[in-house]
Amino acid sequence: MAAELIYGKNIAAAIQSELAETIQQLKSQGVVPGLVTILVGEDPASQSYVRAKNNTARVLGIHSEQRNLPTDTSEQELLALIAACNRDPAIHGILVQLPLPGQINEAKILASIDPAKDVDGFHPVNVGKMVLGEPCLLPCTPHGIVELLLRSGVEVTGAEVVVVGRSNIVGKPVANLLIQKRQGGNATVTLCHTRTKDMAFHTRRADILIVAAGVPKMITADMVKEGAVVIDVGVNRIGMSESGKAILAGDVDFAGVAEKVRAITPVPGGVGPMTITMLMHNTVQAAKTAAGIQL
Ligand code: NAP
């Protein structure tokens, strides 16, 4: 059986065209959504992520500013920049690209962002509201996964979902969103990590398997149930092409697993485009909330 491919990039394009319309409506009411991205240091992967975020913002008509700070930036300097962005009425979303250099306390930085402008959804106030099921800015990758499932017509209600990975940016929040008592939730979720005793026992039970471990091709065909839906979040650089482009692999052994399951996301082109799109969604949402506009 050849699996159906869930192309996040197509679903992301559909969401982006909805967003572009909303942005035009906001502009007609005098509101231009504004996003600032802050990059500390010169990590090439971070540079390319930030570039992609700014490009997408511009294409959609979001006002976007990129602030590049040197690697030796102090915590105080970064806090001062964030405080200025918090005060700036033209900025609705603030994104600090992670990871940060060692001299800067990541948790302190994330907590200094105004929760209303926290478009990454990492501020403790937003995390708390997410857990409580209250309206808030949701973390982009987990929210993107929920949208991907919804828009691909995958039945989540009552499904056995197994998540591999318990990071604060993917595993924990996606598990949390999928247990919420609302559309896109109502699943029965198991969360696996490095201390899980028999991971294959769990992954083989999954109707929906979500893998975010950062270990290339760790999920093999013998670890999945026939007919399952597999969401591969992993983005691992496993080499370099002759033209100097990074060769990427997911956390799932795509060729083997795709033979057995009902549907699977490719890497690249699966979850990745959804993450950027949900960042744009959050920026628009933050702008609407700030202006008190409901569309
Ligand atoms: P992370 O912070 O390194 O967390 C990895 C998690 O996986 C940890 O909870 C770890 O368990 C677990 N894990 C690692 N190896 C395992 C193993 N052999 N068996 C069971 N569990 C294992 O990673 P992350 O930030 O969540 O990212 C995960 C992957 O997703 C990476 O490849 C990253 O590049 C990718 N990612 C993609 C997007 C996107 O937009 N497509 C966004 C974010 C991340 P312990 O807690 O026990 O250590």
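Numbered by our numbering, the letters in the sequence shown go through residues 28 to 322 in order.
The beta-carbon is built from N, C-alpha and C at its ideal position, and this holds for glycine as well.
Alpha carbon of L32 to alpha carbon of L177, nearest angstrom:
15 Å
May I ask whether a heavy atom of ligand 2 can be found less than 7 Å away from the beta carbon of A239?
For ligand 2, the structure offers nothing, since it holds only ligand 1.
Can you name, in chain order, every residue of its own chain whose Cβ lies under 7 Å from the Cβ of A40, other than the five neighbours on each side?
none
State the start and end residues of the unbroken alpha helix (DSSP H) segment that holds I118.
That residue, I118, is in no alpha helix (DSSP H); it is neither H nor E in DSSP.
Grab me the residues of I265's own chain with a C-beta within less than 8 Å of its C-beta, minus the 5 sequence neighbours each way, in chain order.
P243, I274, L275 and A276
Can you look up G266 in the DSSP assignment and give me helix, strand or coil?
In the three-state reduction of the DSSP assignment, G266 falls in the strand class, which pools E and B.
Look up E31 in the DSSP assignment and give the residues it is bridged to.
BP columns for E31 point to A290.
Can you tell me where the alpha helix (DSSP H) with E174 in it begins and where it stops?
C167 to R178
May I ask you to check if the CB of R232 is nearer than 7 Å to at least one heavy atom of ligand 1?
No, the Cβ of R232 stays beyond 7 Å of every heavy atom of ligand 1.
Determine the direct distance from the alpha carbon of S55 to that of L236, and round the result to whole angstroms.
43 Å
According to the neighbour-count rule (16 or more other Cβ atoms, all chains shown, within 10 Å of its Cβ), is A110 buried or exposed?
Note on A110: under 16 other CB atoms within 10 angstroms of its CB, so exposed under the neighbour-count rule.
Nearest residue (CA-CA) to L66, options R232, S75 and I118:
S75
For R94, which residues from the same chain have a beta carbon less than 8 Å from its beta carbon, with the 5 sequence-adjacent residues on both sides left out?
V63, T64, I65, L66 and L108
Taking three-plus beta-carbon pairs below 8 Å as touching, is the segment 182-194 in contact with the segment 214-231?
yes
Relative to the C-alpha of P71, which candidate in K36, K272, V311 and G192 has its C-alpha closest?
K272
Please classify N37: is it buried, with 16 or more other beta-carbons within 10 angstroms of its beta-carbon, or exposed?
Exposed.
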